[in-house]
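**Student:**
In the working numbering, the protein residues as written are 851 to 1330.
(1) Applying the criterion that 16 or more other CB atoms from any shown protein chain within 10 Å of the CB defines a buried residue, is residue 873 buried or exposed?
(2) Would you check if there are 3 or more beta carbon pairs closer than 8 Å linking the stretch 1013-1031 to the stretch 1130-1143?
(3) Whose C-alpha, out of 1062, 1096, 898, 894, is nearest the C-alpha of residue 908?
(4) Assign residue 1007 to one of three DSSP states: helix, strand, or coil.
(5) Which residues does DSSP list as the beta-bridge partners of residue 1110?
(6) Excluding the 5 residues preceding and the 5 following residue 931 in the sequence, name in chain order all residues of the same chain whose CB lies nearer than 8 Å to its CB.
(7) Please classify residue 936: is it buried, with 16 or more other beta-carbons within 10 angstroms of its beta-carbon, or exposed?
(8) Taking only the alpha-carbon atoms, compute the straight-line gap between residue 973 and residue 1109 and give it to the nearest angstrom.
(9) Could you give the first and the last residue of the continuous beta strand (DSSP E) run that contains residue 1124?
(10) Would you mind working out which of 1151, 1030, 1049 sits nearest residue 994, comparing C-alpha positions?
(11) Which partner residues does residue 1176 have in the DSSP bridge list?
(12) Can you find a C-beta in chain C that's less than 8 Å from the C-beta of residue 1000?
(13) Would you call residue 1228 buried or exposed, if buried means 16 or more other Cβ atoms sit within 10 Å of its Cβ?
(14) I think residue 1104 touches residue 910, with their Cβ atoms under 8 Å apart; what is that distance to the nearest whole Å?
(15) Going along the chain, which residues of its own chain have a beta-carbon closer than 7 Å to the beta-carbon of residue 1277, five neighbours each way excluded?
(16) Give a yes or no on whether the C-beta atoms belonging to residue 1114 and residue 903 are separated by under 8 Å.
(17) Name the residue from 1099, 1011, 1036 whose alpha carbon lies nearest to the alpha carbon of residue 1030.
(18) Among the residues of its own chain, which have a CB less than 8 Å from the CB of residue 1306, if the five just before and after it don't count?
(19) Between which two residues does the beta strand (DSSP E) carrying residue 927 extend?
(20) Taking just the CA atoms, how far does residue 1009 sit from residue 1061?
(21) Where DSSP assigns a beta bridge to residue 961, which residues make up the other side?
(22) Using CA coordinates, which residue listed in 940, 949, 981 is at the minimum distance from residue 1144?
(23) Taking the alpha-carbon positions, what's the residue 1186 to residue 905 distance?
(24) Could you tell me if residue 939 is buried or exposed, where buried requires 16 or more neighbouring beta carbons within 10 angstroms of its beta carbon?
(25) If we count the other Cβ atoms within 10 Å of its Cβ and call it buried at 16 or more, is residue 799 buried or exposed?
(26) Measuring straight from C-alpha to C-alpha, what distance separates residue 1169 and residue 1312?
(27) Kindly identify the DSSP beta-bridge partner or partners of residue 939.
(28) Can you tell me the Cβ-Cβ gap for residue 1093 and residue 1054, rounded? I've got them flagged as a contact below 8 Å.
(29) Take the Cβ of residue 949 as the centre, count every other Cβ of all protein chains shown within 10 Å, and call the residue buried at 16 or more, exposed below.
(30) State the Cα-Cα distance for the pair residue 946 and residue 1005, rounded to the nearest angstrom.
(31) Taking residue 1141 as the reference, which of 870, 1116, 1160, 1107 has the closest Cα?
(32) Can you tell me which of the three DSSP states residue 1311 falls into?
(33) I'd like to confirm the pairing. Which residues does DSSP put opposite residue 1021 in its beta bridges?
(34) State the DSSP-derived secondary structure class of residue 1133, mapped to helix, strand or coil.
(35) Taking the C-alpha atoms as reference points, what is the distance between residue 1034 and residue 1177?
(36) Is the separation between the beta-carbon of residue 1038 and that of residue 987 shorter than 8 Å?
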């Protein structure tokens, strides 16, 4: 349309080579209706058939507000109102970078959603543990340099500039990006890309003169494109040298792997502290193995840490289907189980370790023995033998590693990861249908693929039975 022609003319004006030919085009533009066009409400489904995220959110909102009979007021409190629409889709075949953008003009909201792992190239992107500087051009050998996963950065870098250019055109004519809230999200690889994109926008603004951060100066022509799309209001920003920023910036991702080192995580946290990023939450379903990757490789001096706060959820079971959610730093003071805290090594005599417990038992039993009579001392030694024997009966793999100074909690966590992989839970808990069920439980619902979403209750627990359990129950009913 006219905007595209204008962009082409601007880009063409920068060409300084010799003109070698001429092309004649005949263009015909259809008139844009001046009246408001009534749009049907966008239905937010899922990547898997039978998953309906929009319906789940609507039911949760209705339950929380009690506005079931007042649709107008319910739409008013809905995060995306009643006019959410799909704007555009970006995909890079070589890197697997993929993103869709939506907007609500009524709510002044822009949603940036990154797709997760679903192609062979995505698996290659996910598998690497190599890091490179977050800001291209910074010293890679400096231990204080913020570094990120090279595959994630390449994937985001391949679509970042074009994404930011189109985001400048997403706002209504006469408005600027500062009038809009921005929500960034993604699952799996998409969660990693969402983190990188948020880190970029939070620290540097929507700089469409480059892809991801670099020490080299950005191109200046992004301002011309901004002014083309934003009209008179956008031209008022000419005096500003700073890239535009959204009114607010939030990121909620699901099953995101670790993106960068601790220096990058600290850099991200600083943007949260100074208000450039308003919220950052990572939702993790139970034993999801991807959320615990890539691993910190001590021998290679490669460390990884998460950005933002962890939100732990779990699928409902017949034994326990009540709503459950744990939020890092809010629910309690315990350490997040999906982070690395540098607790690999500890004292072999630390409290709770095998040697520490045996030493404590000896000290407690023999304390004051010098003042006791010989027969009392023999009795104390008997008690000591019993306590030591009981402790040795409970020796575990984590006890054995604690003898050589490996932190027991670290060993327990690593063993749990291995067990979850062997049982198939680690990968199963990463899938969309499992997150759907877990988020349903967090909101007080039983949400299963191809099933109606229903509130948790005695009559709905039966839905959670496995196929084998259902067959067993059917057999029992027949026998009865």
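Just so you know, even glycine gets a beta-carbon here, dropped at the ideal spot from N, CA and C.
**Tutor:** According to the data block:
(1) exposed
(2) no
(3) 894
(4) helix
(5) 998, 1155
(6) 925, 954, 956, 957, 959
(7) exposed
(8) With a pLDDT of only 44 at residue 973, under 50, the local geometry of the prediction cannot be trusted, and no value is derived from it.
(9) From DSSP, residue 1124 is part of no beta strand (DSSP E); its letter is neither H nor E.
(10) 1151
(11) 1162
(12) Annotation note: the requested chain C is absent from the structure, which comprises a single protein chain.
(13) At residue 1228, the pLDDT of 49 sits below 50, so the modelled position is not reliable and the matter cannot be decided from this model.
(14) Residue 1104 to residue 910, Cβ: 16 Å. No contact.
(15) 1139
(16) no
(17) 1099
(18) 1166, 1171, 1172, 1173, 1291, 1294, 1295, 1296
(19) No beta strand (DSSP E) contains residue 927, which is instead part of the alpha helix (DSSP H) from 921-927.
(20) 8 Å
(21) 952, 1033
(22) 981
(23) 31 Å
(24) exposed
(25) Residue 799 falls outside the range modelled here, since the chain spans only 851 to 1330, and no answer is possible.
(26) 11 Å
(27) 950
(28) 6 Å
(29) buried
(30) 6 Å
(31) 1107
(32) helix
(33) DSSP output for residue 1021 lists no bridge partner at all.
(34) strand
(35) 19 Å
(36) no
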